[in-house]
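> Please see the structure below; I have some questions.
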Amino acid sequence: MKNLLRILMALLVVMTTAMSCSDDDGEDMEMPVDDSLYGVLGGTTLVDDPNNPGTQIEQGRLNLRAVVDSTIFVIAADQRLSPYFEVLLSEVGNNNLSGFAALSSSLTDFFAVATGAENFTYSGMNMTDAHDPEVNSRMSFAADDAAMDAFIEDVVAGAAKNGVTDPDIIQPIGQLLESLRDVVVQRTETLYARLGGTTMVDDPNNSGQMIEQGRLTFRAVVDSTIFVIAADQRLQPYFEVLLSEVGNNDLTGFAALSASLTDFFSVAAGATTQTYTGLSMADAHDPSVNSRMAQAADDAAMDAFIEDAVQGLAQNGVTVENNGPLVREIGALINSLRGVVVQR
Numbered sequence: 007m008k009n010l011l012r013i014l015m016a017l018l019v020v021m022t023t024a025m026s027c028s029d030d031d032g033e034d035m036e037m038p039v040d041d042s043l044y045g046v047l048g049g050t051t052l053v054d055d056p057n058n059p060g061t062q063i064e065q066g067r068l069n070l071r072a073v074v075d076s077t078i079f080v081i082a083a084d085q086r087l088s089p090y091f092e093v094l095l096s097e098v099g100n101n102n103l104s105g106f107a108a109l110s111s112s113l114t115d116f117f118a119v120a121t122g123a124e125n126f127t128y129s130g131m132n133m134t135d136a137h138d139p140e141v142n143s144r145m146s147f148a149a150d151d152a153a154m155d156a157f158i159e160d161v162v163a164g165a166a167k168n169g170v171t172d173p174d175i176i177q178p179i180g181q182l183l184e185s186l187r188d189v190v191v192q193r194t195e196t197l198y199a200r201l202g203g204t205t206m207v208d209d210p211n212n213s214g215q216m217i218e219q220g221r222l223t224f225r226a227v228v229d230s231t232i233f234v235i236a237a238d239q240r241l242q243p244y245f246e247v248l249l250s251e252v253g254n255n256d257l258t259g260f261a262a263l264s265a266s267l268t269d270f271f272s273v274a275a276g277a278t279t280q281t282y283t284g285l286s287m288a289d290a291h292d293p294s295v296n297s298r299m300a301q302a303a304d305d306a307a308m309d310a311f312i313e314d315a316v317q318g319l320a321q322n323g324v325t326v327e328n329n330g331p332l333v334r335e336i337g338a339l340i341n342s343l344r345g346v347v348v349q350r
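Just so we're aligned: the sequence shown equals residues 7 to 350 in this note's numbering.
Shown next, in the form of structure tokens:
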């Protein structure tokens, strides 16, 4: 796209509009020249709007809107970032484009004004509130540094799709995107730390012993989830061995599964004092490798497992109603395993 570099830079750089100036004796005034970034992008020149036949649009706004729209779709296809936009993606999946249209319009307004447009105003949330799930319910949970890194990678990938791969161009774009990190990233503690971390507490299951609060939290949710799964007819066939053992009052398999899953999710959530030494998630869900897995899982089984994990959270006092962002974050963590868990 013509002026792609300038368009991308327009998403991040606020520039002032240069004022016209007089000559030395102040007699002959030059015609004002719009050399703002918005002007460079086409400014106020009216052109046909390809999305709205019969209407016209400023060239600068058209270019910005095109970049905004394509960026939204690139992010939507990225499994690292799509969990942050559950509401929007659910709407689009149901052929409801009202949220997409509103987001496109709002972001286009924001970047048009930021780059020097004078015929538009931005009346949406500031960038801090827009990325705060407690303020903006359309943001599923707060972004962390990994999400910001993924966003930068996606912009670079988007540029490459348009033939822009020159490091002398890509590197400045990355630096400009980096300038947004302080307002976008609002989750700096690991999930494990936010669930209690390394604070030592009494272990209710082992009298006289201590356990990290973060691990205790995960263990409680894991155990509750296992019992929810045991009662879920959609998932029972996958765990015939375990259920048979429990039915015969043999809890060794349950204890081993509880410890292994607690290790896995603690480490996945950022624990640094623990290790996971079990099977890889691919092998653990492959019946030809793990004889305790009765059959390979499909997407429906994965969906059911996530639903049961949400119930397990609720049984431990964490619900969508009282802590929606945390529930969605844990759900996203589990869903990130879909590619290796689903083998049918």
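Beta carbons: idealized from backbone N, C-alpha and C, even for Gly. None of the values given here were measured: they were computed from a predicted structure.
For the pair the region 271-288 and the region 312-323, tell me if three or more CB-CB distances fall below 8 angstroms.
Judged by pairs of C-beta atoms under 8 angstroms, the region 271-288 does not touch the region 312-323, as fewer than three such pairs exist.
> Spell out the partners DSSP gives GLU218 in its beta bridges.
MET206
> If you draw a straight line from the alpha carbon of ALA107 to that of ASP54, how long is it in whole angstroms?
19 angstroms
> With a 10 Å radius around its C-beta and 16 neighbouring C-beta atoms as the bar for buried, classify PRO139 as buried or exposed.
buried
> When you compare the region 225-234 with the region 279-298, are there three or more beta-carbon pairs, one atom per stretch, that lie closer than 8 angstroms?
They do not touch, by the three-pair rule.
> Evaluate the contact criterion for the region 203-216 versus the region 302-313: three or more CB pairs, one atom per stretch, below 8 angstroms.
no
> Give the DSSP-derived three-state secondary structure of ASP30 in the structure shown.
Only weak support is given to the placement of ASP30: the predicted model assigns it a pLDDT of 47, under 50, and the value that follows is read from those uncertain coordinates. ASP30 sits in coil when the DSSP states are folded into three classes, being neither helix nor strand.
> Using beta-carbon positions only, say whether ASP135 and ASN142 come within less than 8 angstroms of one another.
yes
> Please state whether the Cβ-Cβ distance between VAL333 and VAL316 is less than 8 angstroms.
yes
> Contact between the region 58-73 and the region 109-126: three or more CB pairs below 8 angstroms?
Contact check between the region 58-73 and the region 109-126: three or more CB pairs, one atom from each, fall below 8 angstroms, which counts as touching.
> Specify whether the region 71-87 and the region 108-117 touch according to this definition: at least 3 beta carbon pairs, one from each stretch, less than 8 angstroms apart.
yes
> Looking only at its own chain, which residues have a Cβ that is under 8 angstroms from the Cβ of ALA156, when we skip the five neighbours before and after it?
ASP84, ARG86 and LEU87
> VAL53 lies in the beta strand (DSSP E); which residues open and close that run?
Its beta strand (DSSP E) spans residues 52-54.
> Starting from GLN239, follow its DSSP beta bridges and name the residues at the other end.
Under DSSP, no beta-bridge partner is assigned to GLN239.
> Out of curiosity, what's the CA-to-CA distance linking MET37 and ASN69?
With a pLDDT of only 47 at MET37, under the threshold of 50, the placement of this residue in the model should not be trusted, and no figure is reported.
> In whole angstroms, give me the CA-to-CA distance for ASP160 and VAL252.
47 angstroms
> Please go through the same chain and pick out, in chain order, the residues whose beta-carbon is closer than 6 angstroms to the beta-carbon of LEU228, but skip the five residues on each side of it.
The displayed chain sequence assigns Val, not Leu, to residue 228. Taken in chain order, the residues that qualify are SER264, LEU267 and THR268.
> According to the neighbour-count rule (16 or more other Cβ atoms, all chains shown, within 10 Å of its Cβ), is LEU52 buried or exposed?
exposed
> What first and last residue would you give for the beta strand (DSSP E) that runs through GLN62?
62-64
> In the DSSP assignment, what residue or residues form a beta bridge with VAL227?
According to DSSP, which records beta bridges pairwise, VAL227 is partnered with nothing at all.
> Closest to ILE340 by C-alpha separation, out of GLN349, ASP314 and ARG350, would be which residue?
Nearest option by C-alpha distance: ASP314.
> Can you give me the Cβ contacts of GLU246 inside the same chain, cut-off strictly under 6 angstroms, excluding the 5 residues immediately before and after it?
ALA300
> What number of angstroms, rounded off, separates the C-alpha of TYR198 from the C-alpha of GLN219?
9 angstroms
> Enumerate in chain order the residues of its own chain whose CB-to-CB distance from GLN349 is below 7 angstroms, with the five nearest sequence positions on each side excluded.
Hits under 7 angstroms: HIS291, ASP292, ALA302 and ALA303.
> Could you tell me how far apart the beta carbons of ARG221 and ALA149 are, in whole angstroms, since I believe they sit closer than 8 angstroms?
Actually they do not touch by this definition, with Cβ atoms about 26 angstroms apart.
> Residue range of the alpha helix (DSSP H) that GLN317 falls in?
305-320
> Please identify the residue among ARG144, LYS167 and HIS137 whose C-alpha is closest to the C-alpha of MET154.
HIS137
> Does ALA302 come out as helix, strand or coil in the three-state DSSP assignment?
coil
> Taking C-alpha atoms, which residue in THR121, VAL80 and GLN177 lies nearest to THR50?
THR121
> Provide the residue(s) that pair with VAL191 in DSSP beta bridges, ordered along the chain.
ALA149
> Would you please state the rounded distance, in angstroms, between the beta carbons of ALA163 and VAL80? I believe it to be under 8 angstroms.
7 angstroms
> Please list, in chain order, all residues of the same chain as GLU92 whose beta carbon is under 7 angstroms from its beta carbon, the five residues on each side excluded.
SER146 and ARG334
> Could you give the residue range of the alpha helix (DSSP H) that holds ASP292?
Premise fails: ASP292 is in no alpha helix (DSSP H) and is neither H nor E.
> Please check the pair THR279 and THR325, which I expect to be a contact at CB under 8 angstroms, by giving their CB distance rounded to whole angstroms.
At roughly 29 angstroms, the Cβ-Cβ gap does not stay under 8 angstroms, so THR279 and THR325 are not in contact.
> Does the separation of the CB atoms of GLY260 and LEU241 fall below 8 angstroms?
The sequence shown places Phe at residue 260, not Gly. No, Cβ-Cβ distance for PHE260 and LEU241 is not below 8 angstroms.
> Measure the beta-carbon distance from MET133 to VAL189 and round it to whole angstroms, keeping in mind my assumption that it falls under 8 angstroms.
5 angstroms
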